[in-house]
Amino acid sequence: MASLKEMRNRIGSVKSTQKITKALNMVAAAKLKRAQDQAESARPYARKMAAVIANLAAGVSGDGAPKLLAGTGSDQKHLIVVATGDKGLAGGFNTNVIRAARERINSLINAGKDVKIVAVGRKVRDGLGRLFGDRIIRTFELSEHKVIGMATAEPIAALIAEAFENGEADVVTLFYSRFQSVISQVPTPRQLIPAVVDGGSEPIDLNGAVYEYEPSEEEILETLLPRNITTQILAALYENQASFFG
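This note's numbering puts the first residue of the sequence shown at -19, with every later residue one more than the last.
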């Protein structure tokens, strides 16, 4: 039978563990709240950017449309950008996104398409490398950044734009995890190139006025479309971050 002193020591140890657990839970809750706030605040900006592009695209003729909007006229070469995290112990967060991307990649390969992969996060490289290692052209490790921000998204967007301009990709699709709630995160594909003009985007109210653009819609789109790629990637990374902590 344990002595009174041993029992007191055990009780003290349990209480200490409870305090540590409580502190860790508070830290985790704070990280989730911050990540959720970032994801939710990025959504309106990304939606508004899409709405502006949709309004401008409506005034652009087929021949005059920027290449990022019109595409190459082919869908033979696909660049799949898969974004998860660098760390495990995140429930199905990494696994679900990788599974969704793997299914799309296999479908494209079976259809005779050329597929290349950009891995955003070490878990993507580890998860897809065994099957598609020779197709992964670049890995971005998120742990290189203390915080997720424009400095994280811009190099990814630059690589995508360069691949498209060099004729290495006709279609670029991003896979990420959309945060819905603590218990619900949805693997989501988003086509980045050619830019998808969403007819359901919130229209911009012009109060019946007819505007002439200077510079032209085409020139404005040439500037906005590359920025939109960065914006959509950053919004996806924020969604991922919230999904990871969720």
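Backbone N, C-alpha and C fix where the C-beta goes; we use that ideal spot for every residue, glycine too. Fair warning: this is a prediction, and the values are worked out from it, not measured in the lab.
Name the one or two DSSP bridge partners that residue i has.
i	result
R110	R110 is not bridged to any residue.
S157	P167
I173	V152
R118	V98
Are there 16 or more other CB atoms within 10 angstroms of the CB of residue i, so buried, or fewer, so exposed?
i	result
K96	buried
A38	exposed
N220	buried
Y25	exposed
P157	Sequence inspection shows Ser at residue 157; the Pro mentioned does not correspond to that position. S157 should be labelled buried.
P46	buried
K103	buried
D150	buried
Q165	buried
G180	Only weak support exists for where G180 lies, its pLDDT of 48 falling under 50; the value from the coordinates is given anyway. G180 comes out exposed.
G107	buried
L(-4)	For the record, residue -4 in the displayed sequence is Ser; it is not Leu. Exposed.
R105	buried
S223	buried
A91	exposed
V(-6)	exposed
L111	exposed
I85	buried
I(-9)	exposed
E(-14)	exposed
Return the chain-ordered list of same chain residues with a C-beta closer than 7 angstroms to the C-beta of residue i, the five sequence neighbours on each side being excluded.
i	result
M29	N208 and T211
A189	Residue confidence for A189 is low, a pLDDT of 47 falling below 50, so the modelled location carries little weight and cannot support an answer.
G44	E198
P195	none
L217	A63, I128, T132 and A133
L139	V98 and R118
R115	V95, K96 and I97
Within its chain, find whatever has a CB closer than 6 angstroms to the CB of residue i; leave out the 5 residues flanking it on each side and keep chain order.
i	result
E134	T210
E202	P46
D55	D150 and V151
T75	none
V77	T64, F155, S157 and P167
A22	A215 and Y218
L186	Residue confidence for L186 is low, a pLDDT of 49 falling below 50, so the modelled location carries little weight; the figure read from the coordinates is stated next. No residues qualify anywhere along the chain.
P169	T153 and F155
V32	none
A19	F159, Y218, E219 and A222
Give every residue of the same chain whose Cβ lies closer than 8 angstroms to the Cβ of residue i, excluding the five residues on either side of it in the sequence, and list them in chain order.
i	result
D94	Q56, K57 and H58
A137	P206, I209, T210 and I213
For the stretch 45 to 104, list the beta strand (DSSP E) runs that are entirely contained and at least 3 residues long, ordered along the chain. As far as the stretch 45 to 104 is concerned, its whole beta strand (DSSP E) runs of at least 3 residues are 57 to 63 and 94 to 100.
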